[in-house]
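Structure (structure tokens):
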């Protein structure tokens, strides 16, 4: 292979070194940052025109492209084809003739090999502009009082012109023949490419006057930030098992993905010490990378989990932070499912909120659970207030992260208090509407049985609440919680022994009889009592007695 052919082959390989031809935007922006520019402006133009003459001598095609731009595209307005002009302008140090001839146009020369603050390879980065096969490339640049224009033709030959007007920084224009639809698609893809590679750079990138940037942050209720010379890091817990991650150098994307090495832990690491391979498709795993990896591992396995437990403890003491506390407990659960170890000191810390504002440890929950004294309830209620002296009631909804966290520690989930205890202190009694006359008639009928009801009331039982499946609860004292398993079904004996009778208004039969009692309180009371006694093998003689008493009282009322 001749030296000329070998050089051309190497040049072609460098032009097509990236999988996406539009990656040249990243290279130009990177070079602008290296040059100390305070911002980069990217914008586009489209001018309808006839197809360029491919027979023009080297350099003349570039000149014609510039002339079309200067003419404002006064060619055929309805043409299907046109000249797309891509502008990439920076305001950095710029170039003088020496730099142009030794750096820009010589692909293998760079003064940056030993400078960790600049990862770009000048010539290699710039030559990537030819990957989109432009008709011409124009570079206007100025430095130390010199201003120059470099015109590249499609065959990559170039001409150098001295300009008589000052240029600040470097202004690059690419010219390419495209259709209007292709132009619109190119602009949209260019935005995506720049956003992907440059969203965290330290200077503003303006794309058609829109600033392209994304916060160097992670959406997480528990995250940790770390900064040291040349390096910044943010890491946090996320819901997804396959957590996103990203490596960056001065904000330029080196590698991003959706499978963090630590499940449920997302991170972004930006370090000037990290480098990518020549083709930009992999991170260079050198000593600096391994040093960064140790930092990531320490934070992911030690510092971040400790911060999570700190936050859980802090939020456990604040009732207003309930949603956040449960979310944090969810993250701890997921972390434990992967790591598998609840650290000894964590079990001693007050991580679990009670319904009345205190916080207790997992160890205390385990101790009370072993005694049958651990229950859960979503909110503080009159029931939980009465249970407080003898039981530990934690603040947790059914199947909540707190419940599952205790299950992992204790071996089972705390039962919900309202499902375990019969309690009717909040029931509506006489003279509440609809219960006064009905309650009186019921009490009179129970006296005929030998009982002595002091109070009859109504309570609308919520789904799942203890007693919800019963028509009524016969209680010694409605103000005292009683385990529902200790409350006998309503029958002749239990009704005679009870002092308080709580009717379940959620039961459709009770509801209908309450409404009937407004007109026929005696018949409503008799029917209700008979329904309560049916499961107790109601004696015929008792049934006859109750029916007769109901008829007598109804007759007296009507007379």
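In our numbering, the protein residues as written are 73 to 631. Glycine is no exception: its CB is placed at the ideal position from the N, C-alpha and C atoms.
Neighbourhood of residue i by C-beta distance below 6 angstroms, restricted to the same chain and skipping five residues each side
{"i": "residue 162", "result": "104, 109, 112, 241 and 242"}
{"i": "residue 77", "result": "Because the pLDDT of residue 77 is 47, which lies under 50, any placement of that residue in the model is unreliable, and the number read from its coordinates should be weighed accordingly. Hits under 6 angstroms: none found."}
{"i": "residue 303", "result": "343"}
{"i": "residue 399", "result": "293"}
{"i": "residue 232", "result": "222"}
{"i": "residue 284", "result": "266, 267 and 277"}
{"i": "residue 472", "result": "398"}
Buried versus exposed, by CB contacts within 10 Å (16 or more), residue i
{"i": "residue 524", "result": "exposed"}
{"i": "residue 427", "result": "buried"}
{"i": "residue 146", "result": "Residue placement at residue 146 is poorly supported in this model, since its pLDDT is 43, which falls under 50; the coordinates still yield a value, given next. Exposed, because fewer than 16 other Cβ atoms sit within 10 Å of the Cβ of residue 146."}
{"i": "residue 178", "result": "exposed"}
{"i": "residue 98", "result": "buried"}
{"i": "residue 340", "result": "buried"}
{"i": "residue 407", "result": "buried"}
{"i": "residue 616", "result": "exposed"}
{"i": "residue 630", "result": "exposed"}
{"i": "residue 451", "result": "exposed"}
{"i": "residue 488", "result": "buried"}
{"i": "residue 213", "result": "buried"}
{"i": "residue 498", "result": "exposed"}
{"i": "residue 331", "result": "exposed"}
{"i": "residue 186", "result": "At residue 186, the pLDDT of 46 sits below 50, so the modelled position is not reliable; the number obtained from the coordinates is stated separately. With fewer than 16 Cβ atoms within 10 Å of its Cβ, residue 186 is classed as exposed."}
{"i": "residue 412", "result": "exposed"}
{"i": "residue 133", "result": "Residue confidence is low: residue 133 scores 49 on pLDDT, short of 50, so the model does not pin down where it sits. No coordinate-derived value is stated."}
{"i": "residue 274", "result": "exposed"}
Unbroken beta strand (DSSP E) run spanning residue i, endpoints
{"i": "residue 321", "result": "317 to 321"}
{"i": "residue 120", "result": "112 to 120"}
{"i": "residue 156", "result": "153 to 162"}
{"i": "residue 527", "result": "527 to 531"}
{"i": "residue 329", "result": "324 to 329"}
Run of the alpha helix (DSSP H) containing residue i, from where it starts to where it stops
{"i": "residue 508", "result": "508 to 521"}
{"i": "residue 343", "result": "Premise fails: residue 343 lies in the beta strand (DSSP E), 337 to 343, not in any alpha helix (DSSP H)."}
{"i": "residue 629", "result": "612 to 630"}
{"i": "residue 106", "result": "96 to 106"}
{"i": "residue 595", "result": "593 to 605"}
Among the options, nearest to residue i - alpha-carbon criterion
{"i": "residue 91", "options": "353, 165, 453 and 319", "result": "353"}
{"i": "residue 249", "options": "607, 567 and 208", "result": "208"}
{"i": "residue 199", "options": "221, 216 and 227", "result": "227"}
{"i": "residue 419", "options": "407, 575 and 433", "result": "433"}
{"i": "residue 633", "options": "244, 381 and 94", "result": "There is simply no residue 633 to check, as the chain begins at 73 and stops at 631 in what is shown."}
{"i": "residue 442", "options": "370, 337, 492 and 486", "result": "486"}
{"i": "residue 424", "options": "415, 417, 437 and 264", "result": "437"}
{"i": "residue 282", "options": "115, 410, 346 and 393", "result": "115"}
{"i": "residue 211", "options": "217, 230, 196 and 473", "result": "230"}
{"i": "residue 566", "options": "604, 223 and 308", "result": "604"}
{"i": "residue 514", "options": "295, 596, 323 and 280", "result": "596"}
{"i": "residue 334", "options": "359, 346, 307 and 325", "result": "307"}
{"i": "residue 329", "options": "355, 347 and 345", "result": "355"}
{"i": "residue 402", "options": "383, 392, 416 and 417", "result": "383"}
{"i": "residue 381", "options": "361, 395 and 421", "result": "421"}
{"i": "residue 467", "options": "449, 459, 559 and 456", "result": "449"}
{"i": "residue 590", "options": "507, 516 and 626", "result": "507"}
Cβ neighbours of residue i in the same chain (closer than 8 angstroms, five flanking residues each side left out)
{"i": "residue 571", "result": "524, 525, 526, 527, 547, 548 and 549"}
{"i": "residue 480", "result": "405, 408 and 414"}
{"i": "residue 519", "result": "525"}
{"i": "residue 560", "result": "546 and 566"}
{"i": "residue 216", "result": "168"}
Close-in-space but distant-in-sequence residues of the same chain around residue i (CB under 7 angstroms, 5 per side omitted)
{"i": "residue 532", "result": "577 and 578"}
{"i": "residue 555", "result": "492 and 493"}
{"i": "residue 375", "result": "296"}
{"i": "residue 536", "result": "491"}
4-residue-minimum alpha helix (DSSP H) runs that sit fully inside the stretch 346 to 433, ordered along the chain: 359 to 370, 376 to 388 and 394 to 411
Whole alpha helix (DSSP H) elements within the stretch 540 to 591, 4-residue minimum: 564 to 569 and 580 to 588
Where are the beta strand (DSSP E) runs, 3 residues long or more, that stay fully inside the stretch 257 to 315, in chain order? 277 to 279, 295 to 300 and 303 to 309
Which runs of the alpha helix (DSSP H) spanning at least 4 residues fall entirely within the stretch 439 to 496, listed in chain order? 454 to 459, 473 to 482 and 489 to 492
Every unbroken beta strand (DSSP E) within the stretch 216 to 265, with a cutoff of 3 residues, ordered by chain: 218 to 225, 230 to 234 and 242 to 251
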